[in-house]
Amino acid sequence: MQLLGYCADRVVETRWAFQTRAATQKGAMMPKSLSSLLEDAAAAYPDREAVVLGDVRLTYAQVNGAANQVANLLASRGIQRGDKVALSCPNLPYFPIVYYGILKAGATVVPLNILLKGREVAYHLADSDAKAYFCFQGTPELPIGAEGWEGFGQTDSCEQFFLITVDPTAASPIDGAETLGQALAGQAPTFDTVAVDDDDTAVILYTSGTTGQPKGAELRHRNMYDNARSGTDLFGADPARPDTYLCVLPLFHSFGQTVIQNGAFAFGGTVVLLPRFEAKPALALMQKENVTFFAGVPTMYWGLLGALDDTVDVSKLASNLRVAAAGGSALPVEVHRDFEKRFGVTILEGYGLSETSPVASFSEYGAPARPGSIGIPIPGVEMKLLQPGTWDEIEWTPDAVGEIAIKGHNIMKGYYNRPDATAESIQDGWFRSGDLARRDADGWYYIVDRSKDMIIRGGFNVYPREIEEVLMTHPDVSLAAVVGVPHESHGEEIKAYIIPVEGANASESDIVAWAKEQMAAYKYPRIVQFVPSLPMTATGKILKRELS
Numbered sequence: 001m002q003l004l005g006y007c008a009d010r011v012v013e014t015r016w017a018f019q020t021r022a023a024t025q026k027g028a029m030m031p032k033s034l035s036s037l038l039e040d041a042a043a044a045y046p047d048r049e050a051v052v053l054g055d056v057r058l059t060y061a062q063v064n065g066a067a068n069q070v071a072n073l074l075a076s077r078g079i080q081r082g083d084k085v086a087l088s089c090p091n092l093p094y095f096p097i098v099y100y101g102i103l104k105a106g107a108t109v110v111p112l113n114i115l116l117k118g119r120e121v122a123y124h125l126a127d128s129d130a131k132a133y134f135c136f137q138g139t140p141e142l143p144i145g146a147e148g149w150e151g152f153g154q155t156d157s158c159e160q161f162f163l164i165t166v167d168p169t170a171a172s173p174i175d176g177a178e179t180l181g182q183a184l185a186g187q188a189p190t191f192d193t194v195a196v197d198d199d200d201t202a203v204i205l206y207t208s209g210t211t212g213q214p215k216g217a218e219l220r221h222r223n224m225y226d227n228a229r230s231g232t233d234l235f236g237a238d239p240a241r242p243d244t245y246l247c248v249l250p251l252f253h254s255f256g257q258t259v260i261q262n263g264a265f266a267f268g269g270t271v272v273l274l275p276r277f278e279a280k281p282a283l284a285l286m287q288k289e290n291v292t293f294f295a296g297v298p299t300m301y302w303g304l305l306g307a308l309d310d311t312v313d314v315s316k317l318a319s320n321l322r323v324a325a326a327g328g329s330a331l332p333v334e335v336h337r338d339f340e341k342r343f344g345v346t347i348l349e350g351y352g353l354s355e356t357s358p359v360a361s362f363s364e365y366g367a368p369a370r371p372g373s374i375g376i377p378i379p380g381v382e383m384k385l386l387q388p389g390t391w392d393e394i395e396w397t398p399d400a401v402g403e404i405a406i407k408g409h410n411i412m413k414g415y416y417n418r419p420d421a422t423a424e425s426i427q428d429g430w431f432r433s434g435d436l437a438r439r440d441a442d443g444w445y446y447i448v449d450r451s452k453d454m455i456i457r458g459g460f461n462v463y464p465r466e467i468e469e470v471l472m473t474h475p476d477v478s479l480a481a482v483v484g485v486p487h488e489s490h491g492e493e494i495k496a497y498i499i500p501v502e503g504a505n506a507s508e509s510d511i512v513a514w515a516k517e518q519m520a521a522y523k524y525p526r527i528v529q530f531v532p533s534l535p536m537t538a539t540g541k542i543l544k545r546e547l548s
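In this note's numbering, the protein residues as written are 1 to 548.
Okay, here's the thing in structure tokens:
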């Protein structure tokens with residue numbers, strides 16, 4: 001991390017500048033830039049550790065100073081308020097440094113999935129009208145080469161475009177690019193943050209593109225700021241007792257970005273980075289760094305449980321761990337119960353989408369567990385259930401299933417340059433999610449399934465998640481994914497892909513026979529296939545569209 005080697009007197013200068021500005025602005029009502037999460041923490045806790053990666057331990061003053069260098073670089077290259085700047089980077093300290101530097105310059109951050117290929121990168125750069133691109137290049141985490149650069153170079157929006165390789169050790173950066181080390185040489189660690197309106201776009205997050213081309217969700221400064229600050233209500237966050245967060249969720253994704261990075265910075269916490277999730281290294285880091293806050297998708301919790309052995313001090317992990325949060329997809333009830341049994345911590349399930357900044361609902365911190373529930377709407381947010389395919393609210397009963405609609409401070413501005421798509425998804429401030437759920441008498445929501453994942457077999461609606469929950473109770477089933485496959489007479493047939501537990505005795509036909517006894521005739525899977533693994537996204541979600 002030689003890029004952060006600026007002298008001690010400049011660290012003091014940076015700290016003094018922020019403390020002075022904070023005193024000047026005391027009591028003033030000003031729009032909040034998302035960058036103020038870092039700036040306020042640097043002013044209040046300059047010497048507190050902000051980011052940890054191996055032996056690299058950066059304080060808030062250091063991260064803020066480096067982000068100021070990035071902002072100075074962008075300003076010197078003509079980047080102005082509202083310009084789009086893309087960022088591809090694994091979970092490394094460069095990510096928050098460049099992320100907040102872009103925000104300080106008044107520009108909009110466009111985080112890109114690090115697994116995108118060159119052609120896909122070119123699409124995102126052109127679609128977002130990016131004027132600059134910070135790219136961690138030439139690694140297995142980001143397989144981009146000249147293809148991506150040349151593909152973008154053929155578009156009309158690249159006249160003032162420049163590319164910076166976010167890797168100071170890159171021996172042969174992309175032709176026409178410069179390394180971050182070269183670009184930041186001589187840039188000052190102080191910067192006057194560009195004033196923005198809280199309705200300005202802070203971040204453009206691209207949807208997964210399961211239907212058609214990916215769309216960029218425009219999130220305002222206030223969307224992202226308020227969502228990050230909601231940690232007080234959601235998790236009991238307290239800057240006087242800062243948490244240590246293990247960051248295994250990719251920072252380019254909304255979950256890791258808001259709940260871990262921005263959420264930690266909002267309360268002066270420490271982010272311990274792990275570039276790629278692996279259960280054993282994650283458990284080792286949790287022990288070494290005394291992690292108090294873990295957030296992950298269900299497959300990560302499944303992985304942690306499967307990696308427990310005699311080398312793991314579960315009692316130490318349990319004594320440190322204060323919050324365990326899950327989102328991204330439905331958490332199997334069996335995983336929820338097993339984790340609570342082993343770690344003594346109730347997993348708080350939440351729900352949200354890129355378009356909702358992302359958090360829309362969460363289980364109540366300190367409340368009795370309700371396995372399978374995504375909780376209640378967070379403060380300032382409303383949710384209701386619609387008749388699928390319409391904007392009409394369903395008549396509520398405990399078993400009524402409808403499509404989740406969301407309204408509140410977290411709703412995106414819209415899809416970038418896609419007014420028709422925006423109008424289809426937002427009406428009178430309500431955003432329709434595409435997710436099917438039910439609501440109990442206390443107002444807690446329970447995801448039934450994605451509307452696009454629902455299987456229609458012989459005219460009956462079948463929800464894969466329900467079948468997966470049942471299959472997970474079989475002693476020989478470790479993980480299950482259920483999909484619909486074409487069938488000549490029924491329209492769709494139910495197929496289950498199963499990762500068996502080690503040493504399992506049951507055959508595929510045994511699982512089918514067992515499932516037949518557990519479920520109604522139209523629900524149980526007629527086809528079962530044992531697999532060693534399941535295809536997953538970079539965030540750990542199971543890619544059902546690759547199963548057939």
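We treat Cβ as the ideally placed atom computed from N, Cα and C, and that holds for glycine.
Can you check whether the CB of residue j is closer than 8 Å to the CB of residue i?
| i | j | result |
| --- | --- | --- |
| Ile164 | Ala183 | yes |
| Tyr53 | Leu87 | Here residue 53 is Leu; the residue named in the question, Tyr, does not match the sequence. Not in contact: Leu53 and Leu87 (Cβ atoms no closer than 8 Å). |
| Phe267 | Gly231 | yes |
| Thr258 | Pro358 | yes |
| Glu289 | Val272 | yes |
| Asn64 | Leu37 | no |
| Phe343 | Ala318 | yes |
| Met300 | Gly82 | no |
| Ala50 | Thr270 | yes |
| Leu479 | Leu534 | yes |
| Arg77 | Phe162 | yes |
| Ile527 | Glu493 | yes |
Note down the Cα distance separating residue i from residue j, rounded to an integer number of angstroms.
| i | j | result |
| --- | --- | --- |
| Ser361 | Pro250 | 21 Å |
| Tyr123 | Lys215 | 11 Å |
| Ala369 | Lys452 | 29 Å |
| Lys413 | Ile374 | 24 Å |
| Ala202 | Tyr351 | 22 Å |
| Ser354 | Met454 | 21 Å |
| Ile260 | Ile394 | 35 Å |
| Ala496 | Asp200 | 45 Å |
| Pro475 | Pro500 | 9 Å |
| Pro371 | Pro298 | 13 Å |
| Val121 | Leu112 | 8 Å |
| Ile447 | Ala61 | 42 Å |
| Arg10 | Ser315 | A caution first: Arg10 carries a pLDDT of 38, below 50, which makes its placement in the model too unreliable to give a value. |
| Lys341 | Glu488 | 45 Å |
| Asn223 | Glu278 | 31 Å |
| Arg229 | Ile411 | 15 Å |
| Gly27 | Ala400 | Reliability of the predicted coordinates at Gly27 is poor, the pLDDT of 37 falling under 50, and the value obtained from them is presented with this limitation in mind. Roughly 48 Å separates the two Cα atoms. |
| Lys245 | Leu125 | The sequence shown places Tyr at residue 245, not Lys. Distance between the alpha carbons of Tyr245 and Leu125 is about 31 Å. |
I'd like the list of long-range same chain contacts for residue i, defined as Cβ closer than 6 Å, with 5 residues on each side in sequence excluded.
| i | result |
| --- | --- |
| Gln427 | Trp391 |
| Tyr416 | Ile204, Gly216, Glu218 |
| Pro377 | Ser361, Met383 |
| Val323 | Phe235, Phe293 |
| Glu349 | Ala326, Leu331, Ser363, Ile374 |
| Glu468 | Ala480, Val482 |
| Asp226 | His409 |
Could you give the DSSP three-state label for residue i: helix, strand or coil?
| i | result |
| --- | --- |
| Tyr416 | coil |
| Trp430 | strand |
| Pro281 | helix |
| Ile102 | helix |
| Thr155 | Note on Thr155: pLDDT 42, under 50, position unreliable in the model; no value is reported. |
| Leu436 | strand |
| Ser533 | coil |
| Ala423 | helix |
| Ala609 | For residue 609 there is no data in the structure shown, the boundaries of the chain being 1 and 548. |
| Pro543 | The residue you asked about is not Pro; residue 543 is Leu in the sequence shown. In the structure shown, Leu543 sits in coil (DSSP, three-state: anything other than H, G, I, E or B). |
| His487 | strand |
| Met224 | helix |
| Phe95 | helix |
| Pro298 | helix |
| Lys452 | coil |
Checking contacts by CB at 8 Å: is residue i closer than that to chain D?
| i | result |
| --- | --- |
| Gln80 | Checking the listed chains, one finds no chain D in this structure; it contains a single protein chain. |
By Cβ distance, which residues of its chain are closer than 8 Å to residue i, with the 5 residues on each side in sequence left out?
| i | result |
| --- | --- |
| Arg450 | Gly434, Asp435, Leu436 |
| Gly5 | With a pLDDT of 43 at Gly5, under the threshold of 50, the modelled position of this residue cannot be trusted, and the question is left open. |
| Val470 | Ala515, Gln518, Met519 |
Below 7 Å CB to CB, which residues in the same chain sit around residue i once its five sequence neighbours on both sides are set aside?
| i | result |
| --- | --- |
| Lys384 | Glu393, Ala405 |
| Pro464 | Asp449, Asp453, Ile455, Val482, Val483 |
### Message
Across the stretch 101 to 113 and the stretch 70 to 82, are there enough close Cβ pairs to call them in contact, namely three or more that are closer than 8 Å?
### Response
Touching, yes.
### Message
Does the contact criterion of 3 or more C-beta pairs under 8 Å hold for the stretch 504 to 522 versus the stretch 463 to 475?
### Response
Yes, since at least three Cβ pairs between the stretch 504 to 522 and the stretch 463 to 475 fall closer than 8 Å, the two stretches touch.
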